[in-house]
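In this text, residue positions in the sequence shown follow full-length UniProt numbering: the first is 1, and each later residue adds one.
Heads up, the beta-carbon is just placed ideally off N, CA and C, and yes, glycines get one too.
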Amino acid sequence: MSSTVSYWILNSARNSIATLQGSGRLYSRCASSRNKSEWKLFSWIPTTLKNNPPHGSFALPKAYRHTWTEEDDFHLQLSPEQVNEVLRAGESAHKILKLSRVPNSVLRFESNQLAANSPVEDRRGVASCLQTNGLLFGIFDGHGGHACAQAVSERLFYYVAVSLMSQQTLEQMEKAMENMKPMLPILQWLKHPGDSIYKDVTSVHLDHLRVYWQELLDLHMEMGLNIKEALMYSFQRLDSDISLEIQAPLEDEMTKNLSLQVAFSGATACMAHIDGIHLHVANAGDCRAILGVQEDNGVWSCLPLTHDHNARNQAELSRLKREHPESEDKTIIMDDRLLGVLMPCRAFGDVQLKWSKELQRSVLKRGFDTEALNIYQFTPSHYYTPPYLTAKPEVTYHRLRPQDKFLVLASDGLWDVLDNDNVVRLVMEHLNEADRYKPDLAQRPANLGLMQSLLLQRKAQGLHSPDRNAATRLIRYAIGSNEYGEMEPERLTAMLTLPEDLARMYRDDITVTVVYFNSDSIDAYYKSVKNLPSYFQE
């Protein structure tokens with residue numbers, strides 16, 4: 001790529017903003033910078049951008065403006081060191097210790113996040129269930145603001161964990177609440193950079209979680225829900241609670257305002273529950289999960305575990321048409337968006353696409369400062385038979401095998417620019433590089449001279465040393481590779497150099513988690529089961 005790429009990207013963005021500022025009329029409050037929810041509050045969009053939108057579809061920047069000067073072209077250059085610092089700032093990596101008597105199928109995970117929106121609208125979560133077996137991994141992609149993604153990332157795991165509890169454990173939880181004693185711990189969170197300091201359940205949310213487990217108690221199920229049911233019910237129950245919380249009278253002003261922001265923004269979600277060899281993935285929206293598989297002959301392949309819920313999914317189109325009158329067949333999807341507004345067809349929140357017009361008016365007239373809260377009061381055309389949107393997930397089960405090497409969960413910011421096979425290839429290359437750069441101390445005596453030599457080699461590699469985190473490698477290639485999949489440093493620098501009010505025009509928030517499986521442990525499990533009588537093998 002030519003060395004002028006950085007100038008072209010920056011100059012193109014500059015001209016776009018100049019065009020927006022110089023012509024037409026722009027509302028004082030801007031539509032969401034998130035390209036998923038293009039709430040159409042603009043009276044005019046320049047034809048050049050409308051017909052040739054950057055990065056998939058046009059999403060206007062926030063209401064504030066970047067004032068560009070010629071000096072910016074000199075200050076907006078990042079050194080290679082700074083590029084690595086930006087890319088690696090959100091890294092997280094954990095080794096997984098043995099959690100229970102079941103085989104420890106997860107070795108470790110690596111995660112990273114790169115923001116395009118300000119503040120970032122993606123969220124991620126990892127936790128272990130303390131009263132049942134299993135690890136939970138989640139990616140949550142917000143739109144119309146970060147509030148809904150934040151709420152779902154903090155609350156959904158609790159609903160899943162409670163759904164899996166036995167009758168006896170739920171009774172202990174309820175008894176502790178009745179006697180105002182400490183509850184049994186539900187989750188152990190594994191933190192990421194930028195996570196909320198406090199991820200425990202707030203009082204109002206605990207009240208609703210308690211109502212949920214009381215209803216589970218009423219079902220008198222000794223062993224709790226199975227995992228598929230738990231995931232299915234948890235997604236839908238949390239979404240229902242988000243909707244009901246803002247309809248109920250709330251005295252606390254801060255809680256009331258936050259509940260409104262959560263309900264009127266939205267979030268897609270993809271989460272995995274891993275318990276031994278049992279992998280369940282629940283997805284609502286256009287985040288995605290794939291498996292990297294290596295066969296005995298060394299050949300790598302991709303096994304998709306989710307389907308994107310958008311207008312390109314024929315099954316989703318058929319579902320929507322079944323759920324609404326035939327008279328709406330031509331209006332339910334317009335411009336590849338639900339009602340011409342939203343890219344994903346499943347999401348939490350977004351009550352503008354779920355509530356009746358009357359209910360929306362009733363809630364919003366209760367004295368909210370919608371301008372200050374950045375609430376978009378907009379009813380799409382052809383809005384006749386809500387709800388049009390659901391948070392009901394599609395749940396996939398996969399029995400892990402020794403050839404299943406890793407799981408990748410990511411927001412659509414990654415999948416918009418890298419396909420499944422390329423993601424598997426990049427993680428595979430990352431694993432090969434990690435092995436290549438690993439010092440072979442077993443073959444040589446570990447002495448101070450050797451250690452000094454290794455340190456000098458690492459220093460000599462400098463900025464060319466490989467990323468130690470696979471999620472970072474994926475993000476690097478997502479924003480810095482050309483159409484042939486080759487890394488181009490100038491493109492990478494230019495994409496990271498864009499000011500925050502322009503970055504969203506060229507890329508999306510990207511959040512990635514890579515989970516590595518313990519093939520030896522999985523293989524050992526199958527060998528042990530093989531020796532059991534047939535009635536013990538399921």
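Taking C-beta atoms as the reference points, residue 164 and residue 209 fail to come closer than 8 Å. Residue 219 and residue 161 have their C-alpha atoms some 17 Å from each other.
Residue state for residue 148 is assigned as helix, using DSSP reduced to three classes.
The alpha carbon of residue 326 has as its nearest neighbour, out of 118, 302, 384 and 390, the alpha carbon of 384.
By the C-beta density criterion, residue 393 is buried, having at least 16 other C-beta atoms within 10 angstroms. Under the three-state reduction of DSSP output, residue 77 falls in the coil class, being neither helix nor strand. Looking only at 148, 495 and 425, the smallest Cα-Cα distance to residue 301 is reached by 425. A residue is called buried when at least 16 other Cβ atoms come within 10 angstroms of its Cβ; residue 484 does not meet this threshold and is exposed.
In the DSSP assignment, the residues bridged to residue 95 are 108. When C-alpha distances from residue 514 are compared across 471, 241 and 231, the shortest belongs to 471. A contact is defined here as three or more CB-CB pairs under 8 Å, and the segment 271 to 280 meets this definition with respect to the segment 394 to 409. Pairing residue 88 with residue 253, the inter-Cα distance amounts to about 38 Å.
Taking the CA atoms as reference points, residue 192 sits about 28 Å from residue 491. Looking at the DSSP output, residue 129 bridges to 187.
Counting C-beta atoms within 10 angstroms of its own C-beta, residue 282 has 16 or more neighbours from the protein chains shown and is therefore classed as buried. Collapsing the DSSP output to three states places residue 86 in a helix. The residues 301 and 403, in chain order, have a CB closer than 8 Å to that of residue 295 in the same chain once the five nearest residues on each side in sequence are set aside.
Residue 494 and residue 77 have their C-alpha atoms some 8 Å from each other. In the DSSP annotation of this structure, the continuous segment of the beta strand (DSSP E) that includes residue 140 starts and ends at 135 to 143. A check of alpha carbon separations from residue 261 across 142, 315, 227 and 173 identifies 142 as the nearest. Taken atom to atom, the span from the alpha-carbon of residue 313 to that of residue 185 is near 40 Å.
Taken atom to atom, the span from the alpha-carbon of residue 242 to that of residue 183 is near 23 Å. Taking C-alpha positions only, residue 364 is separated from residue 153 by approximately 25 Å. Counting every other CB atom within 10 Å of its CB across the protein chains shown gives residue 371 a total below 16, marking it as exposed. Taking C-beta separations shorter than 6 Å and ignoring five residues to either side along the sequence, the partners of residue 411 in its chain run 122, 139, 141, 287 and 511, following chain order.
In this structure, residue 350 keeps its C-beta atom at 8 Å or more from the C-beta atom of residue 413. Nearest Cα to residue 156 within the set 522, 126, 422 and 264: 126. Apart from sequence neighbours up to five positions away, the residues of its chain that approach residue 96 with a beta-carbon distance below 8 Å are 104, 106, 107, 108, 109 and 135, ordered along the chain.
Looking at the DSSP output, residue 487 sits in a beta bridge with 481. Taking each of 346, 341 and 293 in turn and checking the Cα distance to residue 319, the smallest one comes out for 346. Boundaries for residue 413: no beta strand (DSSP E) harbours it, while the alpha helix (DSSP H) harbouring it runs 412 to 415, taken from the DSSP string. Boundaries around residue 283 are those of the beta strand (DSSP E), 278 to 284, since no alpha helix (DSSP H) includes it.
Between residue 361 and the set 373, 348 and 378, the nearest pair of CA atoms involves 378. Here residue 323 carries a helix assignment [DSSP, helix/strand/coil]. Looking at the backbone, the Cα of residue 357 and that of residue 387 are separated by about 11 Å.
For residue 288, the uninterrupted beta strand (DSSP E) segment begins and ends at 288 to 294.
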